[in-house]
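Chains as they are written, first to last, in my numbering: chain A, 1 to 288; chain B, 1 to 496.
Here a beta-carbon is modelled for each residue, glycine too, at the ideal position from N, C-alpha and C.
Only a predicted model underlies this, so the values are computations on that prediction, with no experimental measurement involved.
Quick notes on the structure that follows.
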């Protein structure tokens, strides 16, 4: 029986393998191939240059800054997604009237496609006609250059991302919290545990596997952000909000340097693979 | 186990079927897919036989690229399709954004697949794609068109752009120029006029019979912009900006490039050197002077909102629609239809916007600004050339254009002189459009010579322009940074 099962295991795996090879391995190999050339539609060049593009990438200051901004973006967004999502899940775990309506309102931002959300916030943040500045003016605080101040542009995009994807974290964490054994919580209550002690010593430790998985997945997903930055600022003003995805995109589409942009993409992919390996091995597998 | 295997096979088949039908469903068909595909596959690959097969009696399907969500192709293509039904031509649209169309068409052209019959390009892309096209002269002559008469129908600079080595490669469907709008209620108000005269000692510029305002020079323009900048509700914040240009990204750079052209400067000289870079120090003062003026409007005069660095044409128009800008400048012609709707005109006293051209910026009469132009060309690998020519001829049809302008509301003309005059006379385009379009000399956004490095050069300018307008860098720094960078781009490209 076991031998029979082992034989049929291969048949089940083959279709998935085909999909992975065609949709994942093949494009990756082509990308690596292009990254080793000087493919450039402006100069009409396409010859093998070895690791020249990678050497150039490692001395590209703008690329470094975009990576640093990207990492900062991921840390801030994921942290706030978790903090806000967790507390919203705790609130929604309680029984109160209109609980279901509250949950529905919380998940609404997640229903907007990123491009629409980006456009919406672009207008909300508009210096002259945006509602945010209108509200600030009414409160006597004056207008803020949300998307035009180089020091604020990335933060403004981060706020949008947090607004859009905290509901996702909320749903995951709520599912985890709702699966807690209620007897443990009741026992803790009887023993006199207060609200914060309940969270610190029971809820968080017991749901930590789910928390780790949620944060890991969110971090990996956030690293690939493109839509919000592109729609809201195009990486500006003056490149102040350029992250790796927008920077690589510009190299390809504006500068038409496909060889170099491929190399940048491979480097970012390598960073992601290392990050994912670490997260999966250290966090998710242990959590499982 | 056997049950699991059976379910697995069933689910695999279902997924495959769903994927197949989804893929087929993605392609938009004018009529039933079966017949069109069958007829197309029956045509052999040899050109002569393909041309013979697509006679008027048989139907032919042509693949036409269109810009997704663009009002011009959204309105024009269905009208052309209706007109070509009787001639047996079916249009299959390939929709994409600018980047997708650029990549897909260029790859199709380079590999000779013949995927597109009619290729769409804008001014920056046209020179890059000419190598994949067939000249149209012989086809036009065969259709009974006199080439010289055809060229005479278009503005001379349009003809320059659509021809290469004297041969016509493109049929333009859209010719746009940046234009200013001005609030008629402010400019024509007697109290405003009296106040301006009292403050500045000369009359506030007034519109002519077609609603176009002419400014004498930059100083007059700056005075008017300062005059109209106000805090209308006394809350300490400016609510009415005298002047609102696009300042972000591509649209911001277009404002700069247009003004630059009118100073007699382009991005490149004839050899490809940056015209304000290390090879041309004599031009740097002129560039700095222009940039200083642009920066002063925001930082010193404060007649332009600092929010300009976050605005592209849509936001600029929104600012204008809400009555918060006395004058706006961007690709305003696109918004004429919207801004002349009664419900939109409420913000400025129920009057149509006045319009103004930027020709007052010309330092010499022969200097000219630039235009955006979009057109279709015939792919040299097309397997349906005869049908594609019919499509291109319909693009030239002025009566069809007039009908679409009247019903769908296409924003701009196609560079045809008579059509442009008709549009203005019939209130389908602003009066200033004629001034704007007749004072442009370069379609190529940055120079008359179609350098393929234009996009890369503009990519250098865009972020630095945002920094300049926000006061982060000085005009001298802008000239140094961008001049050096553009010079390097051209050097790396092997031009010198």
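With 16 other Cβ atoms within 10 Å as the buried cut-off, status of residue i
i	result
residue 406 (chain B)	exposed
residue 349 (chain B)	exposed
residue 152 (chain B)	exposed
residue 239 (chain A)	buried
residue 249 (chain A)	buried
residue 205 (chain A)	exposed
residue 459 (chain B)	buried
residue 12 (chain A)	exposed
residue 116 (chain A)	exposed
Endpoints, alpha helix (DSSP H) assigned at residue i
i	result
residue 124 (chain B)	Per DSSP, residue 124 (chain B) belongs to no alpha helix (DSSP H) and is neither H nor E.
residue 339 (chain B)	336-339
residue 378 (chain B)	It is not in any alpha helix (DSSP H) - residue 378 (chain B) instead sits in the beta strand (DSSP E) that spans 369-379.
residue 261 (chain B)	249-262
residue 343 (chain B)	342-345
Residue i (DSSP reduced to helix, strand or coil)
i	result
residue 414 (chain B)	coil
residue 206 (chain B)	coil
residue 385 (chain B)	helix
residue 213 (chain B)	strand
residue 96 (chain A)	coil
residue 92 (chain B)	strand
residue 230 (chain B)	strand
residue 61 (chain B)	strand
residue 86 (chain B)	helix
residue 276 (chain A)	helix
residue 221 (chain B)	helix
residue 354 (chain B)	strand
residue 235 (chain B)	coil
residue 12 (chain A)	helix
residue 45 (chain A)	strand
Test: residue i CB closer than 9 Å to a CB of chain B
i	result
residue 121 (chain A)	no
residue 250 (chain A)	yes
residue 20 (chain A)	no
residue 192 (chain A)	no
residue 146 (chain A)	yes
residue 127 (chain A)	yes
residue 209 (chain A)	no
residue 17 (chain A)	no
residue 254 (chain A)	yes
Alpha carbon of residue i to alpha carbon of residue j, nearest angstrom
i	j	result
residue 166 (chain A)	residue 210 (chain A)	15 Å
residue 393 (chain B)	residue 136 (chain B)	10 Å
residue 263 (chain A)	residue 34 (chain A)	8 Å
residue 333 (chain B)	residue 421 (chain B)	14 Å
residue 495 (chain B)	residue 483 (chain B)	16 Å
residue 232 (chain A)	residue 164 (chain A)	14 Å
residue 280 (chain B)	residue 267 (chain B)	11 Å
residue 233 (chain B)	residue 137 (chain A)	12 Å
residue 289 (chain B)	residue 425 (chain B)	38 Å
residue 491 (chain B)	residue 55 (chain A)	20 Å
residue 202 (chain B)	residue 293 (chain B)	22 Å
residue 103 (chain B)	residue 374 (chain B)	17 Å
residue 317 (chain B)	residue 227 (chain B)	21 Å
residue 216 (chain B)	residue 82 (chain A)	60 Å
residue 274 (chain A)	residue 281 (chain A)	10 Å
residue 168 (chain B)	residue 380 (chain B)	14 Å
residue 488 (chain B)	residue 322 (chain B)	44 Å
residue 228 (chain A)	residue 343 (chain B)	32 Å
Chain A within 9 Å of residue i, Cβ atoms only
i	result
residue 245 (chain B)	no
residue 498 (chain B)	It is not possible to answer for residue 498 (chain B), since the shown part of chain B is limited to 1 through 496.
residue 348 (chain B)	no
residue 488 (chain B)	no
residue 322 (chain B)	yes
residue 380 (chain B)	no
residue 340 (chain B)	no
residue 308 (chain B)	yes
residue 467 (chain B)	yes
residue 299 (chain B)	no
residue 500 (chain B)	This structure cannot speak to residue 500 (chain B), because chain B is shown only from 1 to 496.
Test: residue i CB closer than 9 Å to a CB of chain C
i	result
residue 161 (chain A)	No chain C is present in this structure, whose protein chains are A and B.
Residue i - containing beta strand (DSSP E), residue span
i	result
residue 176 (chain B)	171-177
residue 330 (chain B)	327-330
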